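Participant:
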Amino acid sequence: MIYYITGINARLIKLDDLKKDFDSVRVYDANIQDEYDNFLEDISNVSIFPTNDLVILKRCEKLKNIKDLIEYLKLHKDENKSIAIDYFFEYKGKNPYVKEFKALDAQIFNIEETKDLVIDYVKENLGVSKVEAKKILSYIGEDYVHVKNEVFKYKSALNGKYDFEVVKSLMLENQEKKINEYLSEIYEGKFNLDKVNNKYYIPLIYAIYNDFSIFHKLNILNLSKNYEEFRKTYDEFEKYFKANYYVIFLKNKALKFDKNKCMEVLKKCNEMENKIKQGLIDEKLALWFVISEIQK
1 MIYYITGINA RLIKLDDLKK DFDSVRVYDA NIQDEYDNFL EDISNVSIFP
51 TNDLVILKRC EKLKNIKDLI EYLKLHKDEN KSIAIDYFFE YKGKNPYVKE
101 FKALDAQIFN IEETKDLVID YVKENLGVSK VEAKKILSYI GEDYVHVKNE
151 VFKYKSALNG KYDFEVVKSL MLENQEKKIN EYLSEIYEGK FNLDKVNNKY
201 YIPLIYAIYN DFSIFHKLNI LNLSKNYEEF RKTYDEFEKY FKANYYVIFL
251 KNKALKFDKN KCMEVLKKCN EMENKIKQGL IDEKLALWFV ISEIQK
């Protein structure tokens, strides 16, 4: 049996659920050539008897040509072996390989919506109502990896008896999401510094520095703003970036700061960081100077 597990991050809930049905699970990474080769060798070994093993190839979106993999699966189809293909895809209703996997008689999990799956995950793992699950998610966000880590922490602390106050005391606000919202406001000139909690001052300076480092590189590389063209050439430049390619594509598409502006902002971030460390300026004023440099 072949499983095609695709869509946004919440697809990992389905993958984790699937693992529970097997005695043994072997996981290979499509983005690491040696592991990909080992996966191909693994699935090409014919099983005489049915096994309760699952072979997973994760991050298949990193493959340069997934159709080669699909053709390989056709040639090495084995009813005695279970294979899961994990493929991240963010566009709703446009997954390009569903038809090909249907032709392989694969079981398809195409996850295009996050909320209900994540709510059910919280309900099941903490033994709470839908209302309570939504309340928890309102604090921590809906990213599955983050939710999974948080729920594991809560379960360990609760000892089988749910208490929201205990959970609340352990909650980590989804700081990254909040910072991204603030960054958008800064770049659009809509940011109100007086409404920001002081715990965000330093993280925002670091986040601005990180963004403008990316903007500076993008100015130099001059990558296409067309998605298909960008995707074709990105692998060549992936080593220069730590974020997911789609995050970089969005930053490139919205890029409005030239190389000189990027350098001035980066210098200002460094200057303010040094002054904060030396006790020469408070964090709020330092952030104000950085934002002022952006908006000049």
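In terms of the UniProt record's numbering, the sequence shown opens at residue 1 and continues consecutively.
Don't be surprised by glycine CBs; every beta carbon is placed ideally from N, CA and C.
Bear in mind the structure is a predicted one, so any value in this text is a computation, not a measurement.
Hey, which unbroken runs of the beta strand (DSSP E) at 3 residues or more fall wholly within the segment 105-165?
Facilitator: Taking only runs of at least 3 residues, the beta strand (DSSP E) segments lying wholly in the segment 105-165 are 107-111.
Participant: Thinking just about the alpha-carbon of each residue, which of L183, Y72, D68 and I276 is nearest to the one in S44?
Facilitator: Comparing Cα positions, the closest option is Y72.
Participant: My output table needs one value for I205: the three-state DSSP class, helix, strand or coil.
Facilitator: Residue state, collapsed to three classes: helix.
Participant: Does the beta-carbon of L287 have 16 or more other beta-carbons within 10 angstroms, so that it is buried, or is it exposed?
Facilitator: The residue in question, L287, is buried, as its Cβ has 16 or more Cβ neighbours within 10 Å.
Participant: Which whole runs of the beta strand (DSSP E) in the segment 39-116 are 3 residues long or more, in chain order?
Facilitator: As far as the segment 39-116 is concerned, its whole beta strand (DSSP E) runs of at least 3 residues are 53-58, 82-88 and 107-111.
Participant: Straight-line CA distance for K77 to P96?
Facilitator: For K77 and P96, the distance between alpha carbons rounds to 21 Å.
Participant: Taking only beta-carbon positions, decide if D235 is within less than 8 Å of chain C.
Facilitator: The displayed structure is made up of one protein chain only, and chain C is not part of it.
Participant: Do L218 and K251 count as a contact pair if the criterion is CB distance below 8 Å?
Facilitator: Yes, they are a contact pair.
Participant: Would you kindly work out how many angstroms separate the C-alpha atoms of E35 and I56, rounded to a whole number?
Facilitator: The alpha-carbon atoms of E35 and I56 are separated by roughly 11 Å.
Participant: Nearest by alpha-carbon distance to N270: which of A106, Y206, V247 and L193 is it?
Facilitator: The shortest Cα separation from N270 among A106, Y206, V247 and L193 belongs to Y206.
Participant: Per DSSP, T233 forms a beta bridge with which residues?
Facilitator: T233 is not bridged to any residue.
Participant: Please report the distance separating the alpha-carbon of N198 from that of K275.
Facilitator: Cα to Cα, N198 sits roughly 17 Å from K275.
Participant: Are Y144 and N9 close, meaning C-beta to C-beta below 8 Å?
Facilitator: A contact, by the Cβ cut-off of 8 Å.
Participant: Is the segment 120-132 close to the segment 75-92, with three or more CB pairs under 8 Å?
Facilitator: Touching, no.
Participant: For S24, list the residues DSSP reports as bridge partners.
Facilitator: For S24, which the question treats as bridged, DSSP gives the partners D53.
Participant: Which residues bound the beta strand (DSSP E) around Y245?
Facilitator: First-last for Y245: Y245 to K253, but that is the alpha helix (DSSP H), not the beta strand (DSSP E).
Participant: Mark N110 as exposed unless 16 or more other C-beta atoms lie within 10 angstroms of its C-beta, in which case mark it buried.
Facilitator: Classification for N110: buried.
Participant: R11: buried (16+ other C-beta within 10 angstroms of its C-beta) or exposed?
Facilitator: Its Cβ being crowded by 16 or more others within 10 Å, R11 is buried.
Participant: Do I5 and L15 have their C-beta atoms within less than 8 Å of each other?
Facilitator: Cβ distance < 8 Å, so I5 and L15 count as in contact.
Participant: From the DSSP output, in three-state form, read off D17 for me.
Facilitator: Reduced to three states, the DSSP call for D17 is helix.
Participant: Counting Cβ pairs closer than 8 Å, one from the segment 155-163 and one from the segment 106-121, do we hit at least three?
Facilitator: Output reads no: the segment 106-121 does not touch the segment 155-163.
Participant: Determine the DSSP secondary structure at I2, reduced to helix, strand or coil.
Facilitator: If DSSP states are grouped into helix, strand and coil, I2 belongs with the strands.
Participant: In angstroms with no decimal places, state the Cα-to-Cα distance between A106 and I70.
Facilitator: Those two C-alpha atoms are separated by around 11 Å.
Participant: Find out if the Cβ-Cβ distance for the pair C60, I83 is shorter than 8 Å.
Facilitator: Not closer than 8 Å, so no.
Participant: Measuring CB to CB, does Y209 end up less than 8 Å from L266?
Facilitator: For Y209 and L266, yes; Cβs fall inside 8 Å.
Participant: Would M171 and Y139 qualify as a contact pair, given that the criterion is a beta-carbon distance under 8 Å?
Facilitator: Going by C-beta atoms, M171 is nearer than 8 Å to Y139.
Participant: Have a look at Y227 and E165 and give me their C-alpha separation to the nearest angstrom.
Facilitator: Distance between the alpha carbons of Y227 and E165 is about 45 Å.
Participant: Can you give the Cα-Cα distance for K225 and F241, rounded to whole angstroms?
Facilitator: Their backbone Cα atoms lie some 17 Å apart in a straight line.
Participant: Return the CA-CA distance between N80 and E112, expressed in angstroms with no decimal places.
Facilitator: The alpha-carbon atoms of N80 and E112 are separated by roughly 30 Å.
Participant: Quick one: grab the DSSP three-state call for D37.
Facilitator: If DSSP states are grouped into helix, strand and coil, D37 belongs with the helices.
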